[in-house]
Amino acid sequence: EDTKRLAVKKIKDYFKEKGYFDVEVKVKEYSDEKKKNAVRLVFDIDKNKRIKVADIYFVGNTNVPSKKLRKKMKNVKRIGVIFKKSKFIPKEFEEDKNSIIDYYNKIGYRDARILSDTMGRDGKGNLVIQIKLYEGQKYYFNDIKWKGNSIYDDEILTRVLGIKKGDVYNKELLDKRLKFSMDGRDVSSLYMDKGYLFFRVDPVEVAVDNDKINLEMRIYEGPQASIDRVVIKGNDRTHEKVIRRELRTLPGEKFSRSDIIRSQREIINLGYFNPENLQINTPVNPQRGTVDIEYGVEEKPSDQLEMSAGYSGYGGLLGTLGVVFNNFSLDNIRDKKSWNPLPQGDGQKLSLRVQSNNYYKSLNFSLTEPWFGGRKRNSLTVGSVYSQIGYYGSGSFTITRAFAGLGIPLKWPDDYFLGNVTLNLERMNLDNFSSYGSGFTVSSGLFNNLSLNLTLLRSSISEPIYPRSGSKVSLSLKVTPPYSLFRTVNYALTDEEKQEVIDKLQRDLGDGTLLSPEDIANAIQEEVDRRKFKWLEYHKWKFQAEWYYNIVDNLVLMSSVKMGVLGYFNEDLGVVPFERNEVGGDGISNYNSTIQGKDIYSVRGYEPQDFDQYYNGGGTIFSKYTVELRYPISLNPSSTIYGMAFLQAANSWGKFRDFNPFDVKRSMGVGLRAYLPMFGLLGFDYGFGIDKGLPEGSKWTEYGKFSVVLGFEPE
346 EDTKRLAVKK IKDYFKEKGY FDVEVKVKEY SDEKKKNAVR LVFDIDKNKR IKVADIYFVG
406 NTNVPSKKLR KKMKNVKRIG VIFKKSKFIP KEFEEDKNSI IDYYNKIGYR DARILSDTMG
466 RDGKGNLVIQ IKLYEGQKYY FNDIKWKGNS IYDDEILTRV LGIKKGDVYN KELLDKRLKF
526 SMDGRDVSSL YMDKGYLFFR VDPVEVAVDN DKINLEMRIY EGPQASIDRV VIKGNDRTHE
586 KVIRRELRTL PGEKFSRSDI IRSQREIINL GYFNPENLQI NTPVNPQRGT VDIEYGVEEK
646 PSDQLEMSAG YSGYGGLLGT LGVVFNNFSL DNIRDKKSWN PLPQGDGQKL SLRVQSNNYY
706 KSLNFSLTEP WFGGRKRNSL TVGSVYSQIG YYGSGSFTIT RAFAGLGIPL KWPDDYFLGN
766 VTLNLERMNL DNFSSYGSGF TVSSGLFNNL SLNLTLLRSS ISEPIYPRSG SKVSLSLKVT
826 PPYSLFRTVN YALTDEEKQE VIDKLQRDLG DGTLLSPEDI ANAIQEEVDR RKFKWLEYHK
886 WKFQAEWYYN IVDNLVLMSS VKMGVLGYFN EDLGVVPFER NEVGGDGISN YNSTIQGKDI
946 YSVRGYEPQD FDQYYNGGGT IFSKYTVELR YPISLNPSST IYGMAFLQAA NSWGKFRDFN
1006 PFDVKRSMGV GLRAYLPMFG LLGFDYGFGI DKGLPEGSKW TEYGKFSVVL GFEPE
């Protein structure tokens, strides 16, 4: 009987821990026919409904409202709370009680405690909880003195501590400022960044005068520690040199906690390892005054395969096939054992992409060596692009481009900065090409674009796939030689040349066609523009910034701003017909704009045609603003998935004098992103265009637009 009672108790305790307080357990006993003097027990379990919490009352809380205290209870919630089920789990209830006391301690009530908690049932059988509190009096910091410090004087330590006489007493803040703060603003970091690994500080209350607490910070500085060995484990695919060259912790140097944190960030940003399972151990040898640093990594798939198909009425079925090898190895090409499916492990990036349909085809290739020369983090990228679009079979626009770029890390203003210089040589061939809304004044001819792209970038984001903190800010200038400033060219046609243009136009249209004055003027202007823009000259500026804020848990707020302007050197030439800024669309379906030399900036909820400058070939100046609230569904490296809600606004203008950063078209909506190692980024958005300007009486669904994200996040 004791055994049965114990078993029943354990079963009930198990279900009560899950919130089923009304569980019923019946025991049925049967004789065991196979064994003598034995019985079989069958437990008949009825869980009944999981108990819910009808209300939570507080007694004794004279200084903090009950509503505030209920919010501090993250687990146990009353019926009716949005986004949180009402349930009672004893273990979680204990955690919530500790959270209440922690909150009191943060606001100065260090003597606060829970005297009792009682529970009862209401008429519906739901739980009613009453928590009786003792708040005590509110305390404040008084005199804070330092003892045992010789490396840093009292003034420096007090400034780093950031707590002044008269501040509300906060034990959690005190511990954070003494031992570890995420922003590195703590006394321990001050010492440990200089090698004082054995440093210790103990805050001692030396006197309590009514509501004022006097503290003495007793410090043991200890000797400096040097790094002995740096060990890397778990890299079964990536070569050790690829990881080691990212580290700030080197054997023989003094121990530095900030160097370890920075090394951790650099390893994560490689994109080859699971950031959730990165381990750092620091075994210490006190006798020798040394420390080993062990980095434990877990490889994750980093290569990407892109296979997609889309359909449009103009081009028909558009097929895309692309591969990106993010951890490629040129050195191991001859080593057949390292092919999986291509040689890997050296951190180089190889990208190949093909697109094609009835009227469009594109080939892209690029290769990046992140440590060109092997000694410094100078990246070298080379690549080429070939694209061609036809215009209903009667004309074509072909671009052939080659580029080479060098990325150089900078140490000033800080070492989060990066400079990049890219040389582009582009040749555009228009053969009887004209497209509605392209803004081109020429339909045939060869045009050359020799440009230098200069970029200054600062990136401190915590990780590449789901950043929780940090920022990314860049300023870029794309510039061509100002040819017209070094030579004087008269682009006007002579009478003889004008007649040649008219004769050619007559032959193209047929001898029996009557030419209008407008046709003649357009043909002459096209020939002038063909000469003016044979070698493009312009300067193009772009500024973009992203900020990430970890609000609570893994909830992240991302805000960004992008602005750009296209200018010219010679007013007589004006703005080039290429290199315009097009806003609207999803950045994928309007691929034909890319080949026309435009930069595309997606605006969820809108098509490019919803913006006035689309019909002028794109804007010369644009602005775009985005705010996203992100929350992860899965942070597993094999499938990182997060949802988002967003607000967005953008517009473009033809002339600088028309620019108004507040004259924008707004949108709002929701989206989902999934990062799958073999397929890269996949996702969708549903945007609601608030300022679409549809006719009165339009359905609300006409304001919405569904868009797909494939392979990359559109600008």
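Numbering (my numbering), first residue to last: 346 to 1060. Just so it is clear, CB atoms sit at the ideal spot from N, CA and C, and this is done for glycine as well. Note that the structure is a prediction, hence the values are computed from the model and not measured.
- Contact between I459 and I446 holds: their C-beta atoms lie close to 7 Å from each other, under 8 Å.
- Listed as beta-bridge partners of G790 by DSSP are L775.
- By the Cβ criterion, the segment 991-998 is in contact with the segment 968-981, since at least three pairs of Cβ atoms, one from each stretch, lie closer than 8 Å.
- Y951 and L1039 have their C-alpha atoms roughly 12 Å apart.
- In the three-state DSSP reduction, L854 falls in the helix class (H, G or I).
- Residue state for P922 is assigned as coil, using DSSP reduced to three classes.
- Taking C-beta atoms as the reference points, S533 and F544 count as a pair closer than 8 Å.
- For I605, the enclosing alpha helix (DSSP H) stretches over residues R602 to L615.
- The C-alpha of V553 is placed about 10 Å away from the C-alpha of Y485.
- Straight-line measurement puts the Cα of G855 at about 12 Å from the Cα of I847.
- Just measuring C-alpha positions, the residue of S571, T583, Y541 and G932 sitting nearest I564 is Y541.
- Annotated as proximal: R949 and D1030, with beta-carbon spacing under 8 Å.
- Cβ contact annotation for F403 (same chain, cutoff 7 Å, sequence separation greater than five): S411, L414, I476 and L478, in chain order.
- Our two residues, N672 and E714, have alpha carbons roughly 10 Å apart in a direct line.
- Residue nearest to E845 within the set Y811, I865, Y536 and Y836 is I865 (criterion: CA-CA distance).
- For a cut-off of 8 Å, the C-beta gap from Y913 to L902 is around 39 Å, too long to register as a contact.
- Burial check for K1044: the Cβ neighbour count within 10 Å stays below 16, so the residue is exposed.
- One thing to note: V873 has its Cβ no nearer than 8 Å to the Cβ of L918.
- For the set R466, I558 and Y705, the Cα lying nearest the Cα of I744 is the one of Y705.
- Ranking K392, N393 and S376 by CA distance to the CA of R385 puts S376 first.
- For a cut-off of 8 Å, the C-beta gap from N777 to S796 is around 26 Å, too long to register as a contact.
- Taking all protein chains in view, the Cβ of W491 is crowded by 16 or more other Cβ atoms within 10 Å, so the residue is classified as buried.
- V921 is the residue among L351, V921 and D676 whose C-alpha sits nearest the C-alpha of P827.
- By the beta-carbon neighbour count (other beta carbons within 10 angstroms, threshold 16), G511 is exposed.
- Taking a contact to require three or more Cβ pairs closer than 8 Å, the segment 979-989 and the segment 924-932 do not qualify as touching.
- One thing to note: K442 has its Cβ no nearer than 8 Å to the Cβ of K539.
- Ranked by Cα distance from Q632, the first of L763, G909 and S571 is S571.
- Beyond the five residues adjoining it in sequence on each side, R423 comes within less than 8 Å, by CB distance, of V398, A399, D400, I401, R415 and S431 in the same chain, given in chain order.
- Rounded to whole angstroms, the separation of the alpha carbons of I588 and R574 is 15 Å.
- Membership of F878 in any beta strand (DSSP E) is not indicated, and neither H nor E is assigned to it by DSSP.
- Look at S1052 here: in three-state DSSP terms it is strand.
- Taking C-beta atoms under 8 Å as the contact rule, L802 and S814 fail to qualify, at a distance of about 18 Å.
- In the DSSP assignment, E714 falls within the unbroken beta strand (DSSP E) covering Y705 to E714.
- Membership of M537 in the alpha helix (DSSP H) is indicated by the continuous run V532 to M537.
- By the neighbour-count criterion, in which a residue is buried when 16 or more other Cβ atoms sit within 10 angstroms of its Cβ, I605 is buried.
- Going by beta carbons, S741 and D931 fall outside the 8 Å limit.
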